[in-house]
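Enquirer:
Protein chains: 4
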Amino acid sequence: MKHTIRVYHEDTDFLGVVYYANYFKYIERARSEPIRDYNLKFNFTVANVCADFKSPARFDDILTVTTNLDYIKGASVGLNQVITRDKDLIFLAIVKCAYVVDEKPTRIPQEVKDTLKDLFK
Amino acid sequence: MKHTIRVYHEDTDFLGVVYYANYFKYIERARSEPIRDYNLKFNFTVANVCADFKSPARFDDILTVTTNLDYIKGASVGLNQVITRDKDLIFLAIVKCAYVVDEKPTRIPQEVKDTLKDLFK
Amino acid sequence: MKHTIRVYHEDTDFLGVVYYANYFKYIERARSEPIRDYNLKFNFTVANVCADFKSPARFDDILTVTTNLDYIKGASVGLNQVITRDKDLIFLAIVKCAYVVDEKPTRIPQEVKDTLKDLFK
Amino acid sequence: MKHTIRVYHEDTDFLGVVYYANYFKYIERARSEPIRDYNLKFNFTVANVCADFKSPARFDDILTVTTNLDYIKGASVGLNQVITRDKDLIFLAIVKCAYVVDEKPTRIPQEVKDTLKDLFK
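From first to last, the protein sequence lines stand for chains L, R, P and C. Counting with the numbering used here, you get residues 48 to 168 for the letters of the first sequence. Counting with the numbering used here, you get residues 48 to 168 for the letters of the second sequence. Counting with the numbering used here, you get residues 48 to 168 for the letters of the third sequence. Counting with the numbering used here, you get residues 48 to 168 for the letters of the fourth sequence.
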């Protein structure tokens with residue numbers, strides 16, 4: 048699944064590059080797209096993330112966030128998300144999202160699992 | 048009323064200065080201090096703001112936000128807020144805050160008025 | 048000139064609405080579009096802004112920023128910018144941008160004036 | 048090394064908690080404190096981070112960021128950073144910072160190593 052990001056002025060820092068925390072905003076925008084399109088209730092929250100900052104992005108860059116499904120378990124989903132600028136690798140992250148209801152980890156209902164599999168088919 | 052701000056890395060932009068929208072975060076932090084200290088319910092929302100960007104602040108600057116009360120009306124409060132770095136004028140704003148309950152403008156209760164007058168005495 | 052904004056998760060606050068400072072990010076994105084498209088050097092900085100917060104925007108809203116030119120003077124440009132969600136008025140701002148070279152206000156070159164007039168025709 | 052953070056209004060999201068990317072801002076503030084105090088040139092950049100989101104922080108919380116040194120290698124430094132609210136564990140991260148000059152990974156000079164050891168003694 049692919050999502051396009053424009054680097055805004057607000058995303059940059061005094062070193063002239065995208066401030067490192069903002070890549071987590073970018074991958075979150077990419078994750079929220081399908082949730083919106085499939086009208087899923089907003090029930091996933093990030094439990095764990097590992098990220099590599101490969102190369103800096105800059106003002107006005109057009110970035111692509113590619114999101115793939117690694118696994119669906121009982122109460123969590125594993126994703127990998129890669130940010131590129133043309134052929135340059137900018138950022139990559141392994142993300143574990145927990146299914147959460149009322150701030151408690153909860154088993155993912157079968158219909159949500161089916162929708163997710165469908166989404167990432 | 049004075050509040051001290053440190054300019055963080057996250058606040059700067061690729062021009063090497065504080066990104067203009069972030070001054071509004073700074074003055075909001077300054078406004079929220081007394082609300083916390085006096086245990087006021089969080090019922091004010093900004094209705095209108097006019098701001099002058101006088102001189103840029105930079106990474107690691109120590110800034111002072113000075114907040115003064117201009118007026119208390121039936122359903123709103125007028126403040127002026129000035130950001131300085133030593134003797135340098137960085138930013139100034141005239142802010143009108145509406146008293147809001149359930150997202151509707153509401154008359155300010157007398158005890159809130161009294162507390163505000165006390166705060167800015 | 049119109050620019051479309053999607054309200055991201057990151058833009059909202061604990062009151063469930065868009066955090067007030069973020070509207071200034073939105074109007075800045077709208078202003079930077081033509082600068083990019085016309086390959087203008089990035090020489091404008093906000094000197095003054097007056098803004099009215101009319102109605103709150105929320106997560107996932109699609110907003111339209113409409114930017115109009117009020118005037119071009121020797122060293123500054125006046126814009127008005129309105130944010131709407133369908134027919135709802137969300138935010139409006141009067142913005143004075145100074146033409147700045149090496150952090151000093153500078154006369155706007157005639158070709159930049161011509162480009163701006165062309166842009167907002 | 049300990050650093051205190053106040054959760055500002057701007058840090059929260061519509062779920063009523065701190066937006067997940069903002070914890071990376073918090074740990075960056077904590078990392079920059081000693082760099083400032085020791086007048087180190089600002090030459091470290093995050094190469095890799097793994098983070099666990101343990102429990103949500105909320106508006107007005109007072110958080111403590113505890114930063115410990117895991118290792119100093121030729122061109123990088125390993126840190127672990129833990130965010131707590133009283134006895135509650137909020138967030139923890141393992142951070143690899145690369146020493147970077149002109150955007151290129153570079154061997155850490157001996158005096159910088161000595162200063163870091165001194166800092167985290």
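We put the CB at the ideal spot given by N, CA and C, even for glycine. Note that the coordinates shown come from a computational prediction; the quantities given were computed from them, not determined experimentally.
Can you confirm whether R:Asp161, when its beta carbon is compared against all beta carbons of chain L, has any partner nearer than 9 Å?
Expert: Answer no: the Cβ-Cβ gap between R:Asp161 and chain L never drops below 9 Å.
Enquirer: Could you please give the first and the last residue of the uninterrupted alpha helix (DSSP H) stretch that includes C:Thr162?
Expert: 157-166 is the span of the alpha helix (DSSP H), which, as asked, contains C:Thr162.
Enquirer: So which residues of chain C does R:His50 contact, with C-beta pairs closer than 9 Å?
Expert: Near R:His50 there are no residues of chain C at all, since even the closest Cβ is about 11 Å away, more than 9 Å.
Enquirer: Cα separation between R:Asp60 and C:Ala140?
Expert: Roughly 25 Å separates the two Cα atoms.
Enquirer: With DSSP as the reference, label P:Phe100 as helix, strand or coil.
Expert: Strand, per DSSP.
Enquirer: Per DSSP, C:Pro152 forms a beta bridge with which residues?
Expert: According to DSSP, which records beta bridges pairwise, C:Pro152 is partnered with C:Val147.
Enquirer: Can a CB atom of chain C be found closer than 9 Å to the CB of P:Phe106?
Expert: Yes, its Cβ sits closer than 9 Å to a Cβ of chain C.
Enquirer: For the segment 70-83 of chain L, which residues have a beta carbon sitting closer than 8 Å to at least one beta carbon of chain P?
Expert: Answer in chain order: Lys72, Glu75, Arg76, Ser79, Arg83.
Enquirer: Which residues in the same chain have their Cβ closer than 7 Å to the Cβ of C:Thr171, if we skip the five residues on either side of it in sequence?
Expert: An answer regarding residue 171 of chain C cannot be provided, because it is not within the stretch 48 to 168 covered by chain C.
Enquirer: Kindly identify the DSSP beta-bridge partner or partners of P:Ser123.
Expert: Looking at the DSSP assignment, P:Ser123 forms a beta bridge with P:Ala145.
Enquirer: Please confirm if P:Glu57 has its CB atom under 9 Å from at least one CB of chain L.
Expert: True, the Cβ-Cβ gap to chain L drops below 9 Å.
Enquirer: What first and last residue would you give for the alpha helix (DSSP H) that runs through R:Arg83?
Expert: Per DSSP, R:Arg83 belongs to the alpha helix (DSSP H) from 69-84.
Enquirer: Relative to the C-alpha of P:Leu136, which residue among P:Glu150, P:Phe106, P:Pro156, P:Asp99 is closest?
Expert: When only C-alpha atoms are compared, the closest one is P:Asp99.
Enquirer: For C:Gln157, does the count of other Cβ atoms within 10 angstroms reach 16, so buried, or fall short, so exposed?
Expert: So C:Gln157 ends up on the exposed side.
Enquirer: Would you mind working out which of P:Glu57, P:Glu150, P:Val65 sits nearest C:Asn69, comparing C-alpha positions?
Expert: Nearest C-alpha to C:Asn69: P:Glu57.
Enquirer: Going by DSSP in three states, C:Asp58 sits in which element: helix, strand or coil?
Expert: Looking at C:Asp58 - three-state DSSP - the assignment turns out to be helix.
Enquirer: For chain P, find out if any of its Cβ atoms is closer than 9 Å to the Cβ of C:Phe61; answer yes or no.
Expert: C:Phe61 counts as touching chain P.
Enquirer: Can you list, in chain order, the residues of its chain whose CB lies under 6 Å from that of L:Ser102, leaving out five sequence neighbours each side?
Expert: Closer than 6 Å at Cβ, skipping near neighbours: Asp135, Ile137.
Enquirer: Using a Cβ-Cβ cut-off of 9 Å, state whether C:Ala68 counts as contacting chain P.
Expert: With 9 Å as the cut-off, C:Ala68 counts as an interface residue toward chain P.
Enquirer: Per DSSP, what kind of secondary structure is C:Asp108 in: helix, strand or coil?
Expert: Note: C:Asp108 maps to coil in three-state DSSP.
Enquirer: If you drop the 5 nearest sequence neighbours on each side, which residues of the same chain put their C-beta closer than 8 Å to that of R:Thr131?
Expert: So the list reads Leu110, Thr111, Thr113, Ile137, once near-sequence residues are dropped.
Enquirer: Roughly how many angstroms separate the alpha carbons of P:Arg53 and L:Asn90, rounded to a whole number?
Expert: Taking the straight line joining both Cα atoms gives about 20 Å.
Enquirer: Look at the Cβ atom of L:Leu166, then the Cβ atom of L:Leu116, and state whether they are nearer than 9 Å.
Expert: Closer than 9 Å, so yes.
Enquirer: List the DSSP bridge partners of C:Val93.
Expert: For C:Val93, which the question treats as bridged, DSSP gives the partners C:Cys144.
Enquirer: Name the chain P residues whose beta carbon is nearer than 7 Å to that of R:Pro152?
Expert: In chain order: nothing, as chain P lies at least about 12 Å away.
Enquirer: Going by the CB atoms, is the gap between C:Lys143 and C:Val124 shorter than 9 Å?
Expert: In this structure, C:Lys143 lies closer than 9 Å to C:Val124 by Cβ.
Enquirer: Out of P:Lys164, P:Asp107, P:Thr162, state which residue places its alpha-carbon closest to the alpha-carbon of L:Asp84.
Expert: Selected option, being the one with the closest Cα: P:Asp107.
Enquirer: Is the CB-CB distance between C:Glu80 and C:Met48 below 9 Å?
Expert: Contact: yes.
Enquirer: Which residue from L:Lys72, L:Val96, L:Tyr55, L:Ala104 puts its Cα closest to that of L:Leu126?
Expert: Nearest option by C-alpha distance: L:Val96.
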